[in-house]
Each structure stands twice: as C-alpha cells, then as structure tokens.
Amino acid sequence: MTDVGRHPRIKLLTLSEVVDVKGYVGNFKVKIIKKARYVDETSCTACGDCAKVCPVLRPDEFNIGLGSRKAIYSPFPQAVPSSYLINAKECLGHNPAVCSKCVEVCAKGCINFHMSDEEIIEEVGTIIVATGLQPYDPTEMDEYGYTRFDNVLTSLEFERLVNASGPTKGSLIRPSDREHPKSVGFIQCVGSRSAKNGARYCSNICCMNTIKSTLILKEHYPDIEVKVFYIDIRAFGKGFEDLYTRSRRMGAQYIRGLPGSVEEMDQKSLRIAVENSATGKLEFHDLDMLVLAQGMKPAPSTQRLQEIMGLQLTSDGFYLEAHPKLQPVDAATRGIFYAGCAEGPKDIKESVTQASAAAMRAIRLMHKGEISTEPITSVVITEKCKACGKCAEVCPYNAITVDVKNKRPAVVNSAACSGCGTCSAECRFDAISMNHFTDAQIMGQVDSMLDIAPAEKILAFACNWCSYAGADYAGVSRLQYPANVHLIRVMCSGRVDEKFIWEGFRQGAPVVLVSGCHIGDCHYIDANHWTEKRVARIHKKMEKIGLRPERLQLEWISAAEGILFAETMKKMEILRRSVTAEEIAETQNILSKL
2 MTDVGRHPRI
12 KLLTLSEVVD
22 VKGYVGNFKV
32 KIIKKARYVD
42 ETSCTACGDC
52 AKVCPVLRPD
62 EFNIGLGSRK
72 AIYSPFPQAV
82 PSSYLINAKE
92 CLGHNPAVCS
102 KCVEVCAKGC
112 INFHMSDEEI
122 IEEVGTIIVA
132 TGLQPYDPTE
142 MDEYGYTRFD
152 NVLTSLEFER
162 LVNASGPTKG
172 SLIRPSDREH
182 PKSVGFIQCV
192 GSRSAKNGAR
202 YCSNICCMNT
212 IKSTLILKEH
222 YPDIEVKVFY
232 IDIRAFGKGF
242 EDLYTRSRRM
252 GAQYIRGLPG
262 SVEEMDQKSL
272 RIAVENSATG
282 KLEFHDLDML
292 VLAQGMKPAP
302 STQRLQEIMG
312 LQLTSDGFYL
322 EAHPKLQPVD
332 AATRGIFYAG
342 CAEGPKDIKE
352 SVTQASAAAM
362 RAIRLMHKGE
372 ISTEPITSVV
382 ITEKCKACGK
392 CAEVCPYNAI
402 TVDVKNKRPA
412 VVNSAACSGC
422 GTCSAECRFD
432 AISMNHFTDA
442 QIMGQVDSML
452 DIAPAEKILA
462 FACNWCSYAG
472 ADYAGVSRLQ
482 YPANVHLIRV
492 MCSGRVDEKF
502 IWEGFRQGAP
512 VVLVSGCHIG
522 DCHYIDANHW
532 TEKRVARIHK
542 KMEKIGLRPE
552 RLQLEWISAA
562 EGILFAETMK
572 KMEILRRSVT
582 AEEIAETQNI
592 LSKL
C-alpha cells in the first residue's frame with residue numbers, strides 16, 4: 002500500500018465514496034465524494050502529539066472494540082496516507098471554547114476544522130471493483146452465547162488478541178479476568194453453510210484461519226488445550242493439508258460436530274454440549290475461552306454499487322462474473338472487472354491472483370488507445386423512430402439516449418451496446434434492427450423450419466449464453482430428448498419479439514418455447530426480466546383470442562443444465578402431442594384475421 006501511495010501514476014483517494022458512475026467502456030465518468038479528514042494529509046507527519054492531548058476516548062474499530070482510540074487518530078499502524086484524521090461526530094473541537102487542544106499542540110498547523118467534503122469527477126477507461134467483504138455478526142446465533150458470555154469471542158477478536166500490534170501486545174488473555182486461558186475451543190462455520198442463520202455458502206477462509214490460530218497457540222503455549230468443533234475441514238489449497246496435519250500432530254483436537262449449547266460455569270469458564278458424529282456420542286467439554294470462526298458476507302456497499310453501475314449479483318449477494326471459466330474477472334458490462342472478495346469469498350493468494358488478472362484485463366483493453374466492438378449491435382432506423390423512449394428504458398447498459406421532450410430519434414452508443422436485442426423486441430414501431438440478428442433473418446428461420454410438417458415440430462428460441470449452450474451440453478452428455486426440437490439461436494431471450502412467436506403459430510407450430518438464463522443470471526444484466534413480461538403479455542392475448550396459453554412455454558435453463566434441457570424438451574413433446582390438427586387449423590384461422 003505504501004508503494005501505491007508513492008507511485009507517481011496512481012491517485013489514491015482515501016476516506017472517499019463513489020456516488021455515481023456514468024458512461025461506457027473507455028469513457029466512464031465517476032463521481033466521488035472525498036470526506037473531510039480535518040487534517041492536511043500533505044503536511045501531517047503522524048507525530049501523534051494531537052492524539053496525546055485529545056480528551057475523547059472511543060472504541061478502536063481496528064481492534065474490534067478491544068482497545069480504544071482518540072477522536073483524532075490514525076486508523077491503523079502503517080496506514081496510507083501516513084496522516085491522522087478527525088472523526089467530526091466525536092470531536093469537541095468544532096467549538097474552540099470547549100476544546101481545540103489538538104490545534105494548540107500541532108506544530109505544523111495541520112488541523113483545519115473548516116475543511117468540507119469535496120466532490121471529484123474522474124474520467125477513466127476501465128473500472129476494477131474490489132469492495133471486499135464483511136465478517137458475519139454472530140449476535141443472532143445466541144446458542145453460542147456471544148452476547149451473553151465475556152469469554153466467547155469472534156475469530157477477528159481473537160486475531161487482534163494474539164497479534165503483536167494488538168491491544169494486549171500479543172498476550173492471550175480472557176476478557177473476563179485478564180488471565181491466560183488453559184483451554185480454547187473453536188466453532189467452525191458460524192454464519193456459513195447454514196440454512197437458518199447466515200449464508201448457505203462456504204466462506205472459504207475459515208478452516209485455514211482456525212488451523213493457523215491453533216498453530217500459533219501451540220507454538221506460544223505448548224501446554225494449552227485446543228479443541229476445534231467442525232462439520233468438515235476444507236484444506237484444499239497448496240500446502241494446506243500439511244498445515245492441518247501439523248496442527249493435529251502438535252496436539253490440537255478436532256471433534257466432528259457443532260455444539261448445540263454453551264453454558265457459563267464457575268470462574269466464567271464455558272461448558273459445551275456437542276454430538277460427536279465420529280463416535281455417535283453426546284460429549285461435554287469445559288473451556289476457558291471459545292472462539293467463533295465467522296463466515297464472510299458481501300460488503301455493505303455491494304448492493305449500492307450494483308445499482309449505480311448496473312452490475313449483476315448472485316443469489317449469495319456477491320457480484321456475478323460474465324463467465325465463470327472464460328471471463329472469471331469480467332463483469333457483464335464491458336470495461337468493468339472484479340478483484341478479491343467482491344466476486345466471492347477467497348483468501349489472500351486467490352485475491353492477489355484475481356487482482357493481477359483484473360489489472361491485465363484492464364491493460365489489455367486500454368493499451369491500444371481505441372476499442373474494437375462486437376458487430377452485433379442495435380441500429381436505429383431514424384425515419385421510423387417516434388422518440389417514445391421505450392428502447393432507452395429497457396436497455397440494460399444505458400447505451401441508448403432519446404430526447405423524448407423534443408422528439409429527437411434514439412441514438413445508440415455502439416461502444417456501450419452489447420447486442421442483447423431487447424430494445425428491438427420492445428420497439429412497437431420496428432424502428433430498431435439488430436446487426437446479424439435482424440427480424441428478417443429470424444423470421445426466415447421460423448418459416449423454413451415450419452415449411453414441412455409443422456405439426457410434428459417443436460419451435461424453440463434459445464439464448465446463446467445459457468439455454469443454447471445447455472442444449473449443446475445435453476448433446477455432449479448423450480442425453481436423450483425428442484429429435485423434433487428445432488432451435489433458433491438468439492443472443493438473449495430478450496431478443497424474442499412477439500411477432501416471431503405469432504409467426505410460429507401462424508405457420509402451424511403446435512407449441513413454442515422461449516428459453517434463456519435464470520432470473521438474476523442473465524448475461525445482459527436484467528434483459529430476461531423483459532422476456533418474462535413479454536411472455537406474460539402474450540399469454541393474456543392468447544387467452545383473449547381463444548388460444549391455449551400453455552402452448553407458449555417459458556423456461557430458464559443454464560449452460561450447465563443439460564439434464565433440465567432434456568427434461569424440458571420431453572415435457573414440450575408431451576404438450577405438442579396434446580395439440581390436435583383441428584386446434585392448429587383454428588389457431589391459423591384466428592391469426593389470419595388479426
């Protein structure tokens with residue numbers, strides 16, 4: 002971090018918050034609010050004289066409340082920039098008559114209570130999102146007594162206690178009586194892998210963090226009793242299994258099973274009841290200290306940045322990458338990349354690896370000075386455009402601008418457009434066409450597929466990234482499904498226009514399937530939400546004109562769900578057989594009159 006702060010080509014903005022992002026790849030405009038620190042960071046030498054005279058004491062966030070700090074302080078040792086800051090909500094110095102002691106002792110005159118927040122606009126070509134994560138708060142898991150018993154700590158609190166720069170200078174003591182514990186227990190997966198409290202996913206780092214803690218304890222206190230209560234140990238990294246084995250050899254006991262209750266005994270010791278799944282017996286363990294291995298959650302800023310930048314989130318709340326294998330650090334929005342725990346829980350090694358990959362992806366994109374775009378983009382037919390603004394409303398990338406007030410036709414920014422085709426499908430005036438996926442091309446495929454024996458066929462529209470790939474995976478896996486399925490590939494299910502579906506029924510298709518990415522996993526952010534609305538709209542129209550709505554099906558199939566694709570096609574075949582020739586003829590007759 003010190004190297005970053007000194008680098009001549011890196012601008013480091015601390016105590017700052019991104020509040021808005023506009024633009025597209027190569028031309029992002031980022032609005033940043035730089036909070037006032039009330040200390041001139043260019044002049045401050047971090048001598049600490051101000052903190053010595055400050056009368057205000059507050060819990061130290063860096064030491065998880067186990068230590069204290071002043072209202073003017075350095076956030077943590079070796080912080081960058083090497084400058085103190087003032088928490089204005091805690092400081093008394095805004096009223097000089099009350100305090101201002103720090104101002105009086107500062108020889109450099111660095112303190113300025115008249116500083117205010119500053120708004121900064123930065124123009125950048127690419128963005129790397131590295132929002133980090135947040136430790137799980139175990140207060141809701143009251144069965145472990147975190148809020149009731151002094152000697153129940155979180156793994157982060159334990160980390161600060163045994164750290165040489167921590168509040169006890171590395172000496173392990175019990176918070177209740179400041180005595181050295183003779184036995185310490187660790188409970189794994191607190192806030193992870195749980196259907197009730199916390200998250201369902203594994204937080205990745207907890208097992209190895211606990212193993213590291215057991216090694217530290219055994220190295221510094223060889224006679225201490227260490228017990229680890231776990232579901233299963235996940236030591237999958239390079240050298241991790243060796244550390245696990247070393248921990249056991251040094252005397253740490255690993256007991257398979259999570260405690261059901263924790264009780265406080267005499268002298269503030271703790272009694273734990275746990276069912277040992279290895280022996281099948283209920284066991285009781287007396288401990289002097291208990292450590293909860295916290296899980297990890299997405300950072301609080303994740304949701305807000307997702308809304309500002311139009312990114313995607315997984316069901317776990319972390320950012321969704323463009324492709325888990327081929328583009329693991331890319332966002333669906335071009336020019337935005339992920340690093341570290343923004344995309345999911347990971348350890349330092351993985352975070353550094355991903356950060357390096359994200360940096361190289363950004364360099365690769367920018368080093369030429371110009372960007373090549375995919376040819377599959379939307380094109381506005383100016384003479385047909387009514388400037389209604391619908392296309393701009395549905396575009397997931399904000400790539401279309403329309404002057405609705407002055408009735409000026411829509412304009413597509415081809416650098417920002419990703420070619421999902423949702424705008425074309427939603428335009429009521431046929432004023433938007435898609436390069437390489439034009440209406441004429443898709444309608445031609447529909448007509449040719451249904452030219453011969455249409456009643457024997459299933460017409461399916463499949464999105465390129467998920468359901469079409471799912472069909473391919475089903476084939477590679479040699480899964481059996483009806484051979485009369487005829488797929489039309491589109492870049493996104495959002496491209497499937499109403500007229501494509503009506504044309505299919507008009508040409509004699511007994512059933513039509515629209516398939517795409519799962520909601521929340523769309524490769525075009527949220528384009529499939531418009532697919533869902535469109536299909537619901539068509540269902541209402543079908544019911545109104547006397548057609549069975551179930552003849553049009555909507556299914557979400559991912560690239561890895563070959564089995565689901567095969568099962569869906571079998572269901573479609575059953576549905577196709579239920580449609581009689583008379584029903585098809587009646588459908589064609591009804592549609593010919595519209």
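Position in the sequence shown (first residue = 1) + 1 = the numbering used here. We treat Cβ as the ideally placed atom computed from N, Cα and C, and that holds for glycine.
Practice problem: Can you give me the Cβ contacts of E556 inside the same chain, cut-off strictly under 6 angstroms, excluding the 5 residues immediately before and after it? | Solution: Taken in chain order, the residues that qualify are S516, T569.
Quiz prompt | Test item: CB-CB of V185 and V227 under 7 angstroms | solution = Taking 7 angstroms as the Cβ cut-off, V185 and V227 qualify as a contacting pair.
Quiz item: With a Cβ-Cβ cutoff of 7 angstroms, do G341 and G471 count as a contact?
Solution: Inclusion of G341 and G471 in the CB contact set at 7 angstroms is not warranted, their separation being larger than that value.
Quiz item: For P168, is the classification buried or exposed, using 16 other Cβ atoms within 10 angstroms of its Cβ as the cut-off for buried?
Solution: The residue in question, P168, is buried, as its Cβ has 16 or more Cβ neighbours within 10 Å.
Quiz item: Residue range of the beta strand (DSSP E) that K90 falls in?
Solution: Premise fails: K90 is in no beta strand (DSSP E) and is neither H nor E.
Practice problem: Rounded to whole angstroms, what's the CA-CA distance from H530 to R429? Just pull it up for me. | Solution: For H530 and R429, the gap between their C-alpha atoms comes out near 18 angstroms.
Quiz prompt | Counted within 10 angstroms of its Cβ, other Cβ atoms place A359 as buried (16 or more) or exposed | solution = Buried.
Practice problem: Run the CB neighbour count on E504, radius 10 Å, all protein chains shown included, and call it buried at 16 or more, exposed below. | Solution: Residue burial annotation: E504 is buried, with at least 16 other C-beta atoms found within 10 angstroms of its C-beta.
Quiz item: From G68 to G370, what does the alpha carbon distance come to, in whole angstroms?
Solution: Between the alpha carbons of G68 and G370 lies a gap of roughly 50 angstroms.
Exercise. Can you say whether N590 is buried or exposed, counting buried as having 16 or more other CB atoms within 10 angstroms of its CB?
Key: Under a 10 Å Cβ-count criterion, N590 is classified as exposed, with fewer than 16 other Cβ atoms of the shown protein chains found around its own Cβ.
Exercise. Give me the Cα-Cα distance between F241 and I212, rounded to the nearest whole angstrom.
Key: Looking at the two C-alpha atoms, the distance is approximately 9 angstroms.
Exercise. Rounded to whole angstroms, what's the CA-CA distance from E265 to E18? Just pull it up for me.
Key: E265 and E18: Cα-Cα distance of roughly 43 angstroms.
Quiz item: So which of V191, A356, V513, I225 has the shortest CA-CA distance to I539?
Solution: Closest option to I539, Cα to Cα, is V513.
Self-check item: Assumed close pair F114, Y39 - CB separation to whole angstroms, cut-off 8 angstroms
Solution: At roughly 6 angstroms, the Cβ-Cβ gap stays under 8 angstroms, so F114 and Y39 are in contact.
Quiz item: Going along the chain, which residues of its own chain have a beta-carbon closer than 7 angstroms to the beta-carbon of H519, five neighbours each way excluded?
Solution: By the criterion of a C-beta distance shorter than 7 angstroms, H519 is surrounded in its chain by W557, S559, once the five residues flanking it on both sides are discounted.
Exercise. Report yes if the C-beta distance between G336 and T423 is below 7 angstroms; otherwise report no.
Key: Not closer than 7 angstroms, so no.
Quiz item: DSSP on H181, reduced to helix/strand/coil?
Solution: Reduced to three states, the DSSP call for H181 is coil.
Quiz item: Whole-angstrom Cβ separation of S193 and G296, contact assumed at under 8 angstroms?
Solution: The pair is a contact, with the Cβ atoms about 3 angstroms apart (cut-off 8 angstroms).
Self-check item: Extent of the continuous beta strand (DSSP E) run through C103
Solution: Note, C103: premise wrong, no beta strand (DSSP E); alpha helix (DSSP H) at 102-106.
Quiz prompt | Coarse secondary structure for A528, derived from DSSP in three states | solution = DSSP, reduced to helix, strand and coil, places A528 within a helical segment of the structure shown.
Practice problem: Report buried or exposed for S599, applying the criterion of at least 16 other Cβ atoms within 10 angstroms of its Cβ. | Solution: There is no way to answer for residue 599, as the model of the chain reaches only from 2 to 595.
Quiz item: With contact counted as at least three CB pairs below 8 angstroms, one residue from each stretch, are the segment 68-80 and the segment 121-140 in contact?
Solution: Segments in contact, no.
Quiz item: If we ignore side chains and look at the alpha-carbon of each, how far apart do Q446 and M492 end up?
Solution: So the two alpha carbons sit approximately 15 angstroms from each other.
Quiz item: Would you call K53 buried or exposed, if buried means 16 or more other Cβ atoms sit within 10 Å of its Cβ?
Solution: The Cβ neighbour count for K53, taken over all protein chains shown within 10 Å, is under 16; the residue is labelled exposed.
Quiz item: For C55, which of helix, strand or coil comes out of DSSP?
Solution: Assignment of C55 by DSSP, reduced to helix, strand and coil, places it in the coil class.
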